[in-house]
Structures are given as structure tokens and as C-alpha cells.
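Asks:
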Amino acid sequence: MKKLTFFPALLALLIATSSCDKNQDAPAPASAAAASADGKGGNDNPGGLTQGKTVISTNTGTYPYTEMVNNEVVNRTGTFTSSLRITGFEVRNGVITAIGTLSATPTSGPASAYGPVAVAIPLTLAQISSSCSGGTVNYGTLTVSLNGTTQNVNPVLNVSPAQSSQNLLGNQLCSLGRILGNPSPNDTGGVVAHLNKIISIIGG
302 MKKLTFFPAL LALLIATSSC DKNQDAPAPA SAAAASADGK GGNDNPGGLT QGKTVISTNT
362 GTYPYTEMVN NEVVNRTGTF TSSLRITGFE VRNGVITAIG TLSATPTSGP ASAYGPVAVA
422 IPLTLAQISS SCSGGTVNYG TLTVSLNGTT QNVNPVLNVS PAQSSQNLLG NQLCSLGRIL
482 GNPSPNDTGG VVAHLNKIIS IIGG
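Following the numbering used here, the numbering of the sequence shown begins with 302 at its first residue and continues without gaps.
What follows is the structure, given as C-alpha cells:
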């Protein structure tokens, strides 16, 4: 008699459990934006920042020109400020490449402004340095044309953790420094990812 009452009770319990499982909602996936809103997002999106901002690296140069003084031709030297605006970094054919535009604005003399012209600048790991106290990207020699002459400029980007109110920039600089401290040919993708995050943090 006990056996007859046991099996119906067990069957009722199994049916109730199955019904509960069917009606239970699946857990909603965590929002990527919510996960990163507190600054603890994944490595691909620190603090929910958006990449694609720009950073300007400037330096000055000179160019020759002439003018008439008392009916005589006088040689003069004009000056200009070059602007390298980097919008991102890529790996092209295995080479780290800075993508952006180069322009120049005269600060003295009669020359017209130059650019902006699109540039894709190949970089070696030796041109990039980084530590917890700061980072530098030396873009090498670039050329601008002013007043019919070609002049060389050597733009350098200097980055300091003080450029960010949070410690995101310092963390990125430290992490990049560790990669550059013992580099290998396979590190190009990681270096590019860090550089893009850095300019995203400090760009305007």
C-alpha cells in the first residue's frame, strides 16, 4: 500500500519541476556598457572610452623667401608650425602604422598654409617608448612644402599620466612599457591596441 502512494507523489513532483524549468526566464546577458561604465571594463574598452579621437603633435620649421627692400632683393627666413594629427594606429603588412594628416601653418613670412594631407607613417618599436611616468612616439622625419621648398619636420608625441584625471592612462602606459621592455615580432598588435587606447584617453 505504501508503494502505491509513493509513485504518484514522485510523479507529481517531477511534473512540477519540469513546469518550473520551462517558465523560468533565461538570465539576461550583461551589458558591455554597464560592465565598463565603472572603469573596470575589458582590455578592449577601458572605462567605456570611444576610440577615434585625435591627438596633435607639433613642432616648428623654417623656409626661405625673398622680398624687395629699397629696390634690392633681400633673402628672408620664414617660420611655420607643423601639426601631425594622428587618428589611429594599424598594423599594415606586419608594420605598426600611424594614420592621420600632416599640415603646416606659417607663423612668419608670406607662404600659404600646407595641407592637411593624408599620411601613413610606418613605425618601429624603437620609435616608441613608454613607462609608468610617461610615453613618447617619435614619428621620424616628415616633409612639408612651403613657398616652393620642401622642409623637414620631426614631430614627437609626449604623453604624461597627468593628461588624464583617472589612472586609466597611467595603466596603459605601464602596460605598454612592459611590452616594449621585452619586445618580440608578435607584439605589434598589442602595441597598436595600447597606442589607440592612449590617444583615445588623451584626445580631444
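Note that CB positions come from ideal geometry on N, CA and C, so glycine has one too.
Give the secondary structure of Ser384 by DSSP, where H, G and I count as helix, E and B as strand, and everything else as coil.
Replies: In the structure shown, Ser384 sits in a strand (DSSP, three-state: E or B).
Asks: Tell me the residue span of the alpha helix (DSSP H) that contains Gln428.
Replies: Looking at the DSSP string, Gln428 is not in any alpha helix (DSSP H), and its letter there is neither H nor E.
Asks: Do Ser383 and Pro456 count as a contact pair if the criterion is CB distance below 8 Å?
Replies: Against a cut-off of 8 Å, the Cβ pair of Ser383 and Pro456 comes out as a contact.
Asks: Among the residues of its own chain, which have a CB less than 6 Å from the CB of Thr359, if the five just before and after it don't count?
Replies: Thr382, Ser384, listed in sequence order.
Asks: Which residue marks the beginning of the alpha helix (DSSP H) containing Thr437, and which one marks its end?
Replies: Note, Thr437: premise wrong, no alpha helix (DSSP H); beta strand (DSSP E) at 435-439.
Asks: Grouping DSSP H, G and I as helix and E and B as strand, with all else coil, what is Pro365?
Replies: The answer is strand: DSSP assigns Pro365 an E or B state.
Asks: Are the CB atoms of Thr442 and Ser409 within a distance shorter than 8 Å?
Replies: Not in contact: Ser409 and Thr442 (Cβ atoms no closer than 8 Å).
Asks: Can you tell me the Cα-Cα spacing of Leu314 and Ile499, whole angstroms?
Replies: Confidence is the limiting factor: at Leu314 the pLDDT is only 42, short of 50, which leaves the residue's position unreliable, though a coordinate-based value still follows. If you take the alpha carbons of Leu314 and Ile499, they lie about 58 Å apart.
Asks: Roughly how many angstroms lie between the CA atoms of Gly435 and Leu470, to the nearest whole one?
Replies: Their backbone Cα atoms lie some 9 Å apart in a straight line.
Asks: If you measure between the beta carbons of Leu278 and Thr398, is that distance less than 8 Å?
Replies: The structure shown does not extend to residue 278, since the chain is modelled only from 302 through 505, so no value can be given for it.
Asks: Which residue marks the beginning of the beta strand (DSSP E) containing Gly401, and which one marks its end?
Replies: Gly401 -> beta strand (DSSP E) spans 396-409.
Asks: Under DSSP, the alpha helix (DSSP H) around Ser501 begins and ends at which residues?
Replies: Here the alpha helix (DSSP H) through Ser501 covers 489-503.
Asks: Thinking C-beta only, is Ile387 closer than 8 Å to Thr361?
Replies: No, these two residues do not count as a Cβ contact at 8 Å.
Asks: So, helix, strand or coil for Gly379, using DSSP?
Replies: Note: Gly379 maps to strand in three-state DSSP.
Asks: Where does Ala414 land, buried or exposed, given buried means 16+ other C-beta within 10 angstroms?
Replies: Exposed, by the Cβ-count rule.
Asks: Tell me whether Val396 is buried or exposed, calling it buried when 16 or more other Cβ atoms sit within 10 Å of its Cβ.
Replies: Exposed: under 16 other Cβ atoms inside 10 Å.
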